[in-house]
């Protein structure tokens, strides 16, 4: 099968995790191969010390998010053949501490994630009948694309505010808060609204940069979620009418 | 992270905002001289009567125009209008801003800076 | 509605008002009279307009809204840096409020001794 040669520049850390450098490689890729394929080729045939993360390799788990030519993307869903010509620059996600090479610690991301009570909280945990949400219902329509988050961290990495404000909840957490607040079966609206109302860390810190929406591999309009959260905070009683 | 259009707009909004705030504070201090009588006020104005400040005034026009137009864009986005076209609206703000700027700046230059030089 | 929500909302209202007030102010300052159109800018040229209560009210309102919008904008920039802790953040808010009060006073006091 026809292959194309790509020059790949990968961000490396020294053994002890100190210092950064760029290592250059050349890889042969078929047209439909991905950045993840390139990384495996480097690992298997050129440098077996290269560190990167992956799991499902089909864009479902969110593990392989890295920065490709300055944009946070899923390595398994990015095809070099579809990028503009030129060297590929692979770096770890920004805004997150680098463990080694392309692997970052997701701790800051999940710290914010947990603050919004991301899991569903049933109004009656002892209920024996199911509360179903019909596909034509308001919740189903309003939450349609908000549910697709795979917590890959690309949005948090891209966000200009998360870069300077370590306390900021970030787009993923705010989107998850909004999704749960929308759910008529959930019981923790008030607690979540209180969390996202915080002056230094809440929805108010979003300044409509749209970086998050631009990089989300699932195409979620995260800025839209945060905007609707802000308007909900202007009129919290509207939660009941959602 | 690459500087995408939405981020450029945010940065421009902040830089122009700071510029306008600094201008406002200086402007109010100058206008305050009105209360000290004609001589004090006219002396304060004379300080700004040179081509450098006249050019800066033209820059101020550009600053306020882009800040206001992008502000309108942001307020529309706050109402969830046009999220899918936010980059286009930024381009429109720049385009309309240029037109409005030229409409104001050309006369200002010809009758202000050029005349005083 | 929390104070954060009110603040966010008022910032937008202020922005919208500023556009209207700016156009009015710009027209009044540059086009409203013959001498201004000629480019004469001195105490006499301005005093004719500024002694009228209507223009004083418009200018004072403009100043108040502009100070609120501008200083609040600066406050937002400060709040976006987590390096500035909660105590420092509150202190800066107080200082910005004080600066606003001082500048508002200077603006209003400009009309004090008009002939």
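Residue numbers (the numbering used here), protein chains in the order written: chain R, 20 to 261; chain C, 531 to 647; chain S, 150 to 264. Ideal Cβ positions, reconstructed from N, Cα and C, are used throughout, including at glycine.
Review point. On the premise that residue 29 (chain R) lies in contact with residue 109 (chain R), defined as a C-beta separation below 8 Å, what is that separation, rounded to the nearest angstrom?
Key: Mapped onto the first chain, residue 109 (chain R) falls at position 90. Mapped onto the first chain, residue 29 (chain R) falls at position 10. Sure, about 5 Å apart at Cβ, within 8 Å.
Practice item. Could you tell me if residue 154 (chain S) is buried or exposed, where buried requires 16 or more neighbouring beta carbons within 10 angstroms of its beta carbon? Key: Looking up residue 154 (chain S) in the third chain gives position 5. It counts as buried.
Check your understanding: What's the C-alpha gap between residue 182 (chain R) and residue 208 (chain S)?
Key -> Within the first chain, numbered from 1, the residue matching residue 182 (chain R) stands at position 163. Within the third chain, numbered from 1, the residue matching residue 208 (chain S) stands at position 59. Between residue 182 (chain R) and residue 208 (chain S), the C-alpha separation is close to 39 Å.
**Study point:** Cβ pair residue 598 (chain C), residue 233 (chain S) closer than 8 Å
**Key:** Taking the second chain and counting its residues from 1, the one referred to as residue 598 (chain C) is at position 68. Taking the third chain and counting its residues from 1, the one referred to as residue 233 (chain S) is at position 84. Against a cut-off of 8 Å, the Cβ pair of residue 233 (chain S) and residue 598 (chain C) comes out as no contact.
Review point. Is residue 180 (chain R) close to chain S, meaning its C-beta is less than 8 Å from at least one C-beta of that chain?
Key: Here residue 180 (chain R) refers to the residue found at position 161 of the first chain. Chain S, which has a Cβ nearer than 8 Å to the Cβ of residue 180 (chain R), makes this yes.
Practice item. To the nearest angstrom, report how far apart residue 254 (chain R) and residue 150 (chain S) are at their CA atoms. Key: The count along the first chain starts at 1 and reaches residue 254 (chain R) at position 235. The count along the third chain starts at 1 and reaches residue 150 (chain S) at position 1. Using only the alpha carbons, I get a separation of about 6 Å.
Exercise for review: Entirely within the segment 178-241 of chain R and at least 4 residues each: give me those alpha helix (DSSP H) ranges in chain order.
Suggested key: 179-183, 190-201, 208-215 and 230-234
Review point. Counting only runs that start and end within the segment 74-157 of chain R, where is the beta strand (DSSP E) found for 3 or more residues in a row?
Key: Within the segment 74-157 of chain R, the complete beta strand (DSSP E) runs of at least 3 residues are 84-87, 90-93, 107-110 and 117-119.
Check your understanding: If you draw a straight line from the C-alpha of residue 574 (chain C) to the C-alpha of residue 90 (chain R), how long is it?
Key -> Within the second chain, numbered from 1, the residue matching residue 574 (chain C) stands at position 44. Within the first chain, numbered from 1, the residue matching residue 90 (chain R) stands at position 71. Each residue's alpha carbon lies about 51 Å from the other.
Point to revise | Closer than 8 Å to chain S by CB, residue 624 (chain C) | key: Start at 1 with the first residue of the second chain, and residue 624 (chain C) comes out as number 94. False, the Cβ-Cβ gap to chain S never drops below 8 Å.
Check your understanding: Hey, how far is the Cα of residue 178 (chain S) from the Cα of residue 551 (chain C)?
Key -> The residue you call residue 178 (chain S) lines up with position 29 of the third chain. The residue you call residue 551 (chain C) lines up with position 21 of the second chain. Using only the alpha carbons, I get a separation of about 19 Å.
Point to revise | Alpha carbon of residue 67 (chain R) to alpha carbon of residue 146 (chain R), nearest angstrom | key: In the first chain, residue 67 (chain R) corresponds to position 48, counting from 1. In the first chain, residue 146 (chain R) corresponds to position 127, counting from 1. Cα to Cα, residue 67 (chain R) sits roughly 53 Å from residue 146 (chain R).
**Study point:** Euclidean distance between Cα positions of residue 175 (chain R) and residue 127 (chain R)
**Key:** Residue 175 (chain R) sits at position 156 when you count from the first residue of the first chain. Residue 127 (chain R) sits at position 108 when you count from the first residue of the first chain. Cα to Cα, residue 175 (chain R) sits roughly 10 Å from residue 127 (chain R).
Practice item. Can you give me, in chain order, the residues of the segment 201-230 of chain R that have a beta carbon less than 8 Å from any beta carbon in chain C? Key: 226, 227, 228, 229 and 230
Check your understanding: Which chain C residues sit within Cβ distance under 7 Å of residue 204 (chain S)?
Key -> Here residue 204 (chain S) is taken as the residue at index 55 of the third chain, counted from 1. In chain order: nothing, as chain C lies at least about 12 Å away.
Exercise for review: Just tell me which of C:617, C:553 and C:591 has its CA closest to the CA of residue 603 (chain C).
Suggested key: Position 73 of the second chain, counted from the first residue, corresponds to residue 603 (chain C). That would be C:617, whose Cα lies nearest to the Cα of residue 603 (chain C).
Check your understanding: DSSP state of residue 35 (chain R), grouped into three classes?
Key -> Taking the first residue of the first chain as position 1, residue 35 (chain R) is located at position 16. Its pLDDT being 46, under 50, residue 35 (chain R) is placed unreliably in this model, and the value from its coordinates should be taken loosely. Correct three-state label for residue 35 (chain R): coil.
Check your understanding: Helix or strand or just coil, what does DSSP make of residue 45 (chain R)?
Key -> Along the first chain, read from residue 1 onward, the residue named residue 45 (chain R) stands at position 26. Residue 45 (chain R): strand per DSSP, three-state reduction.
Practice item. Could you spell out where the alpha helix (DSSP H) holding residue 536 (chain C) opens and where it closes? Key: Residue mapping note: residue 536 (chain C) aligns to position 6 of the second chain, counting from 1. Counting along the chain, the alpha helix (DSSP H) containing residue 536 (chain C) begins and ends at 535-561.
**Study point:** residue 214 (chain S) versus residue 241 (chain S) - alpha carbon distance
**Key:** Counting from one through the third chain, the residue named residue 214 (chain S) turns up at place 65. Counting from one through the third chain, the residue named residue 241 (chain S) turns up at place 92. Straight-line Cα distance between these residues: approximately 20 Å.
Check your understanding: Excluding five sequence neighbours on each side, which residues of the same chain lie with their C-beta closer than 7 Å to the C-beta of residue 253 (chain S)?
Key -> Here the question's residue 253 (chain S) lines up with position 104 in the third chain. Result list for residue 253 (chain S): 212, 213 and 216, in chain order.
Review point. Where do the N-terminal and C-terminal ends of the alpha helix (DSSP H) with residue 584 (chain C) fall, by residue?
Key: As a working mapping, residue 584 (chain C) is identified with position 54 in the second chain. Residues 581-608.
Check your understanding: Can you find at least 3 beta carbon pairs, one from the segment 236-253 of chain R and one from the segment 162-175 of chain R, that sit closer than 8 Å?
Key -> yes
Practice item. Grab the span of the alpha helix (DSSP H) containing residue 167 (chain R) for me, first residue to last. Key: Along the first chain, read from residue 1 onward, the residue named residue 167 (chain R) stands at position 148. No alpha helix (DSSP H) holds residue 167 (chain R); DSSP gives it neither H nor E.
Practice item. Check the Cβ-Cβ distances between residue 252 (chain R) and every residue of chain S, and say whether any is below 8 Å. Key: In the first chain, residue 252 (chain R) corresponds to position 233, counting from 1. Closer than 8 Å to some Cβ of chain S, the Cβ of residue 252 (chain R) qualifies, so yes.
Check your understanding: Quick one: does residue 196 (chain R) have its CB under 8 Å from some CB of chain S?
Key -> Translated into positions along the first chain, residue 196 (chain R) becomes position 177. So no, residue 196 (chain R) is outside the interface.
Exercise for review: List the residues of chain R that residue 604 (chain C) touches, going by C-beta distances under 8 Å, in chain order.
Suggested key: For the purposes of this step, residue 604 (chain C) is taken as residue 74 along the second chain, with counting starting at 1. Correct list: 227.
Point to revise | N- and C-terminal bounds of the alpha helix (DSSP H) containing residue 55 (chain R) | key: As a working mapping, residue 55 (chain R) is identified with position 36 in the first chain. For residue 55 (chain R), the enclosing alpha helix (DSSP H) has its first and last residue at 54-64.
Exercise for review: Tell me, please, whether the CB atom of residue 114 (chain R) is closer than 8 Å to any CB atom in chain B?
Suggested key: Among the chains of the structure shown, chain B does not appear; the protein chains present are R, C and S.
Point to revise | Residue from R:42, R:63, R:104 and R:95 whose Cα sits closest to the Cα of residue 51 (chain R) | key: Numbered from 1 along the first chain, position 32 holds the residue referred to as residue 51 (chain R). Comparing Cα positions, the closest option is R:95.
Review point. Which chain S residues are close to residue 183 (chain R), counting only those with a beta carbon under 9 Å from its beta carbon?
Key: For the purposes of this step, residue 183 (chain R) is taken as residue 164 along the first chain, with counting starting at 1. Within 9 Å of the CB of residue 183 (chain R), the CB atoms of chain S belong to 229, 230, 231 and 232, in sequence order along the chain.
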